[in-house]
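Colleague: Per the working numbering, residue 4 is the first one in the sequence shown, and the count goes up by one each step. Built from N, CA and C at the ideal position, the CB exists for glycine as well. One structure coming up, written as structure tokens, with questions to follow.
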Amino acid sequence: MPRHAACCYGEYMTPVGLSTSRAARAQPVAPPQERSITILGATGSIGASTVDLIRRHRDRYRVEAVSAGRNAVKLAEIARAVGARHAVVADHTAYQELKSALSGSGIEAAAGETALSEAAVRPADWVMAAIAGAVGLKPTMAAIERGATVALANKECLVCAGSLFMRRAAAVGATVLPVDSEHNAIFQALTAGRREDVARVILTASGGPFRTWTAEQIAKATPEQALRHPNWSMGPKVTIDSASLMNKGLELIEAHHLFALKPDEIDVLVHPQSVVHGLVEYRDGSLLAQLGSPDMRIPIAHCLAWPERIDSAAARLDLAKVSKLEFEEPDLVRFPALALAKQAMARGGAATTVLNAADEVAVAEFLAGRIPFMGIPALVEATLAAADKRGLLADLPDLDAAFAVDHTARSLARDLLPEIAVKSS
Ligand code: NDP
4 MPRHAACCYG EYMTPVGLST SRAARAQPVA PPQERSITIL GATGSIGAST
54 VDLIRRHRDR YRVEAVSAGR NAVKLAEIAR AVGARHAVVA DHTAYQELKS
104 ALSGSGIEAA AGETALSEAA VRPADWVMAA IAGAVGLKPT MAAIERGATV
154 ALANKECLVC AGSLFMRRAA AVGATVLPVD SEHNAIFQAL TAGRREDVAR
204 VILTASGGPF RTWTAEQIAK ATPEQALRHP NWSMGPKVTI DSASLMNKGL
254 ELIEAHHLFA LKPDEIDVLV HPQSVVHGLV EYRDGSLLAQ LGSPDMRIPI
304 AHCLAWPERI DSAAARLDLA KVSKLEFEEP DLVRFPALAL AKQAMARGGA
354 ATTVLNAADE VAVAEFLAGR IPFMGIPALV EATLAAADKR GLLADLPDLD
404 AAFAVDHTAR SLARDLLPEI AVKSS
């Protein structure tokens with residue numbers, strides 16, 4: 004069990020998943036005058052919010068490195084704006100474009116998967132892990148290995164290899180700070196009591212754009228409709244996952260690993276206003292929640308300044324204007340992706356690695372218009388069954404095994420695509 008993993012301790016925070024004795028021995032952390040930071044996934048939605056905060060607090064942060072997949076022009080713009088020392092694109096073919104966009108700036112340019120991991124090990128106190136997808140696991144792990152403080156947006160690290168990731172973080176003394184708004188809310192609410200007094204945690208879900216749609220309507224949903232999230236502005240993959248509720252399933256798995264919770268200690272509540280982000284229930288019946296506007300700059304600011312606080316520029320929450328807060332149980336029939344994620348979490352081993360890989364393939368195919376919306380859970384379910392038949396769901400001994408399962412699950416999913424496309428149309 005990753006009991007000693009999320010190393011959020013010091014005089015300011017009750018440790019998450021740490022034993023009391025280790026917490027008692029932890030020394031107060033003196034926040035650094037200037038924090039050096041690296042942003043992996045700087046050109047994305049989380050990257051943009053992080054850059055916005057850094058530009059508002061230039062005196063507190065120095066940027067070591069920034070990275071992107073292939074958007075060299077945007078990356079160069081960001082690198083110049085924040086005064087980064089180093090910029091990396093994962094895609095080799097974007098290198099020349101990056102180099103010329105940075106010419107005369109003195110900022111080093113690099114490209115490729117290895118360069119991405121090298122950027123993660125450059126000397127930065129704090130690393131934002133905001134690459135989308137399982138491809139973020141290697142560079143994030145590189146930052147963990149050198150004992151950095153990692154602000155974790157990339158939930159796939161925990162879904163693909165959660166036990167290994169958290170065990171390694173604990174072994175090397177790395178600090179993992181949860182960026183996902185629900186997990187950040189729980190992280191904050193956990194400071195109100197002792198870990199052993201926690202009865203359960205609740206993740207809230209907006210319910211996405213199809214919350215009130217019938218099953219027949221959902222079956223005909225287009226990518227454009229699924230990309231129209233009612234409350235949050237996010238990258239395309241996580242937005243589609245929010246529409247299917249797969250995102251909430253991935254977040255259950257994320258919470259399971261981050262906070263060392265058993266599957267039956269984590270619940271989901273649909274909360275359409277997206278104001279209450281997460282709750283912790285203690286044994287005396289107290290429910291502690293974190294509330295805020297649906298703006299990712301709030302949890303990112305919390306992680307950026309932790310254990311202090313900085314202004315986030317997010318709109319202040321006016322509860323009188325919000326007026327009512329609603330909660331309902333998720334519907335696992337209309338949204339089977341959440342049920343699949345729960346089953347994979349309960350199964351353990353590599354089941355969640357397969358779930359994630361199949362979902363990444365399925366979402367890309369849905370966005371390309373090659374499978375219908377309900378083809379997403381159908382493909383995930385079929386891939387899990389095929390992987391089980393091949394004995395692929397056993398425990399993962401190491402990261403290489405996780406990458407191998409991820410790779411095999413993607414090819415299984417691609418092989419199943421024609422059949423699923425027909426069955427779910
Ligand atoms: P985006 O799609 O907006 O951004 C993804 C980032 O990853 C971009 O910088 C992109 O670069 C980069 N990237 C894409 N492919 C690769 C690759 N092969 N190698 C290296 N870098 C790559 O995603 P989000 O910002 O929305 O999400 C990032 C992570 O944070 C996800 O894991 C998501 O689940 C999580 N998250 C996001 C939230 C949100 O509000 N957006 C909320 C909570 C969690 P390029 O621009 O060049 O493609």
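List the endpoints of the continuous alpha helix (DSSP H) containing M237.
Modeller: The residue given as residue 237 occupies position 234 in the sequence shown. Run containing M237: none; DSSP gives neither H nor E here.
Colleague: Taking 7 Å as the threshold (C-beta atoms), are G281 and A188 in contact?
Modeller: Position 185 of the sequence shown holds residue 188. Position 278 of the sequence shown holds residue 281. Contact: yes.
Colleague: Rounded to whole angstroms, what is the Cα-Cα separation between S245 and V366?
Modeller: Walking along the sequence shown from the start, residue 245 turns up at place 242. Walking along the sequence shown from the start, residue 366 turns up at place 363. If I take the Cα positions, the gap works out to 11 Å.
Colleague: I need the DSSP call for A114, collapsed to helix, strand or coil.
Modeller: Reading the sequence shown from its first residue, position 111 is the one you call residue 114. It is a strand residue.
Colleague: Ordered along the chain, which non-local residues of its own chain (more than five positions away) have a Cβ less than 7 Å from that of R300?
Modeller: Residue mapping note: residue 300 aligns to position 297 of the sequence shown, counting from 1. Counting only Cβ-Cβ distances below 7 Å, and skipping sequence neighbours, we find S52, D55, L56, S315, A316, A317.
Colleague: Grab the span of the beta strand (DSSP E) containing R38 for me, first residue to last.
Modeller: Position 35 of the sequence shown, counted from the start, is the residue given in the question as residue 38. Counting along the chain, the beta strand (DSSP E) containing R38 begins and ends at 38-43.
Colleague: According to DSSP, is H89 part of a helix, a strand, or is it coil?
Modeller: Working through the sequence shown from its first residue, we reach residue 89 at position 86. H89 falls in the strand class under three-state DSSP.
Colleague: Since A68 and R38 should fall inside the 8 Å C-beta cutoff, what is the C-beta to C-beta distance between them, to a whole number of angstroms?
Modeller: Your numbering for residue 68 matches position 65 in the sequence shown. Your numbering for residue 38 matches position 35 in the sequence shown. That pair is no contact at about 14 Å.
Colleague: Evaluate the contact criterion for the region 268-285 versus the region 186-205: three or more CB pairs, one atom per stretch, below 8 Å.
Modeller: As far as the Cβ criterion goes, the region 268-285 touches the region 186-205, which means the pair count is three or higher.
Colleague: Taking 6 Å as the cut-off, does the CB of I256 come closer than this to any heavy atom belonging to ligand 1?
Modeller: The count along the sequence shown starts at 1 and reaches residue 256 at position 253. No - ligand 1 has no heavy atom lying nearer than 6 Å to the Cβ of I256.
Colleague: Less than 7 Å between C-beta atoms, sequence neighbours within five positions excluded: which residues of the same chain meet that for H410?
Modeller: Looking up residue 410 in the sequence shown gives position 407. Correct list: empty, nothing qualifies.
Colleague: With 7 Å set as the bound, which would you pick, yes or no: does the beta-carbon of I147 sit closer than that to a beta-carbon of chain D?
Modeller: This model lacks chain D altogether; it includes just one protein chain.
Colleague: Give the straight-line distance between the Cα atoms of P181 and L155, rounded to the nearest whole angstrom.
Modeller: On the sequence shown, position 178 is the one that residue 181 refers to. On the sequence shown, position 152 is the one that residue 155 refers to. Distance between the alpha carbons of P181 and L155: 5 Å.
Colleague: Using the DSSP secondary-structure output, state which residues sit across from L206 in a beta bridge.
Modeller: Walking along the sequence shown from the start, residue 206 turns up at place 203. Looking at the DSSP assignment, L206 forms a beta bridge with V271, G281.
Colleague: What alpha helix (DSSP H) runs, 4 residues minimum, are completely inside the region 315-376?
Modeller: Listed in chain order, the complete alpha helix (DSSP H) runs (minimum 4 residues) inside the region 315-376 are 322-325, 339-350, 354-370.
Colleague: Could you tell me which of G196, L358, S209, F330 sits nearest to G288, measuring between CA atoms?
Modeller: Numbered from 1 along the sequence shown, position 285 holds the residue referred to as residue 288. Of the candidates G196, L358, S209, F330, the one whose C-alpha sits nearest the C-alpha of G288 is G196.
Colleague: Given the structure, does G72 come close to ligand 1, in the sense that its CB is under 6 Å from one of the ligand's heavy atoms?
Modeller: By 1-based counting over the sequence shown, the position of residue 72 is 69. Checking the Cβ of G72 against ligand 1 gives yes.
Colleague: Going by Cα to Cα distance, which pick from A405, S414, E80 is closest to L382?
Modeller: In the sequence shown, the residue the question calls residue 382 occupies position 379. Of the candidates A405, S414, E80, the one whose C-alpha sits nearest the C-alpha of L382 is S414.
Colleague: Please state the DSSP three-state secondary structure of M169.
Modeller: As a first step, residue 169 is located in the sequence shown; it is residue number 166 there, counting from the start. In the structure shown, M169 sits in a helix (DSSP, three-state: H, G or I).
Colleague: DSSP has V130 in a bridge; who is on the other side?
Modeller: Working through the sequence shown from its first residue, we reach residue 130 at position 127. Note: V130 sits in a beta bridge opposite T41, V153.
Colleague: Can you tell me the Cβ-Cβ gap for A412 and A390, rounded? I've got them flagged as a contact below 8 Å.
Modeller: Against the sequence shown, residue 412 aligns to sequence position 409. Against the sequence shown, residue 390 aligns to sequence position 387. Yes, A412 and A390 are in contact; Cβ-Cβ is about 6 Å, under 8 Å.
Colleague: Is N234 near ligand 1, going by C-beta to nearest heavy atom under 6 Å?
Modeller: Translated into positions along the sequence shown, residue 234 becomes position 231. Not under cutoff, so the answer is no.
Colleague: Which stretch, first to last residue, makes up the alpha helix (DSSP H) that contains Q191?
Modeller: The residue you call residue 191 lines up with position 188 of the sequence shown. It spans 184-192 - the alpha helix (DSSP H) in which Q191 sits, taken as one unbroken run.
Colleague: So does V69 have its beta carbon nearer than 6 Å to some heavy atom of ligand 1?
Modeller: Here residue 69 corresponds to residue number 66 of the sequence shown, with the count starting at 1. Flag unset: Cβ of V69 not near ligand 1.
Colleague: Could you please give the first and the last residue of the uninterrupted beta strand (DSSP E) stretch that includes T178?
Modeller: Stepping through the sequence shown from its first residue, residue 178 is reached at position 175. Note, T178: beta strand (DSSP E), 178-181.
Colleague: Just to check my reading of the structure: A208 and K251 have Cβ atoms closer than 8 Å, yes? What is that Cβ distance to the nearest angstrom?
Modeller: By one-based count along the sequence shown, residue 208 stands at place 205. By one-based count along the sequence shown, residue 251 stands at place 248. The pair is a contact, with the Cβ atoms about 4 Å apart (cut-off 8 Å).
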